[in-house]
Every structure is written in structure tokens, then in C-alpha cells.
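Each residue of the sequence shown is one higher than the one before, starting from 1 at the first, in the UniProt record's numbering.
These notes concern the structure reproduced below.
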Amino acid sequence: MDLLADYRRATMFFETGDPSGAARLLEPIVDAEPGNAAVRQLLARAYFQSAQLNRAEEHLRELIDRDPSDHYAHHVLGRTLERLNRHNDALRHLRIAAAMYATNDDYRTALERVETRVGGTR
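Here you go:
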């Protein structure tokens, strides 16, 4: 197995709109290199894009456990929880991401949307 070649192919699949194809290529890479954050993040994003939200949540939580300062993982986890209709859970991660990277409009927009959904600032 050529992990680098498979990662490049997975990236191409993801970028061309085939997140399920990307996930199939990335799963064995994560198994072979569980500490590789870049591969795990792309796999989580592929799961998110293909609506495999529980799988996305699992990998995003692993990323955050390893690096609590990963604002992007917090943001995508918040978005994943939002899509799972777990808005109160999403709010925590969206707030963390927005606090870490206050100039990111996507982070702020997602946070405002979920805050509105749960009825303000709980």
C-alpha cells in the first residue's frame, strides 16, 4: 500500500466532489497512521460531506482530544453536531472555534445560527 499515493488520490476525490470515495481511501491510511492529524481531518471532512455524521463526530473528537487548540476541528465538530440536531452540544464547540479565530466569518455565522436556534446565549 502506497499511503502517500492513496492520500493524494483521496484528496483528489474529495476536491472533485466524491467524499465517499475519499473516505474509502482514507480509512486504511488512518488505521495505518492513527496519529496523522491531516489524514484524520480529511477523513472527518469526507464523512461530514457524505452525511456520515456519527463517524465524522468520532474522528473530530479524536482530533480535539489530541489537540484541544484545533479551532477547525472544533468548528467542524460543532457543524456536525448541528446537523445531528444536537444544537446545545454544537454551541460549545462553535463558541470555542469562534473565540480562537474571531476573524473567521464562517465560524461567526455558524455560531450565530446555532445560538439563534437554541434561543440565545445559554
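Positions of the beta carbon are idealized from the N, C-alpha and C atoms, including for glycine.
Determine the extent of the alpha helix (DSSP H) in which residue i is found, giving its start and end residues.
i	result
E33	Element bounds for E33: n/a, residue is neither H nor E.
R83	H71 to R83
R86	From DSSP, R86 is part of no alpha helix (DSSP H); its letter is neither H nor E.
A5	L3 to E15
residue 148	Residue 148 is absent from the model: the chain starts at 1 and stops at 122.
D65	L53 to R66
Cutting at 8 Å between CB atoms, please list the residues of its own chain near residue i, excluding the five before and the five after it.
i	result
D106	H75
Among residues of its own chain, excluding the 5 on either side of residue i, which ones have a beta-carbon nearer than 6 Å to its beta-carbon?
i	result
R55	Y47
A10	A22, L25 and L26
Tell me whether residue i, by its Cβ, gets closer than 6 Å to a heavy atom of the ligand NAP.
i	result
D65	In the structure shown, the ligand NAP is absent, as is every other ligand, since no ligand is present at all.
Got a sec? Which residues, its chain only, sit under 7 Å from residue i by beta carbon, not counting five neighbours each side?
i	result
A98	Y107, R108 and L111
V39	Y7, L26, I29, V30 and E33
R83	L53
Discussion item. Check whether the segment 46-53 and the segment 10-21 are in contact - that is, three or more C-beta pairs closer than 8 Å.
Written reply: Three or more Cβ pairs closer than 8 Å define a contact, and the segment 46-53 meets that threshold against the segment 10-21.
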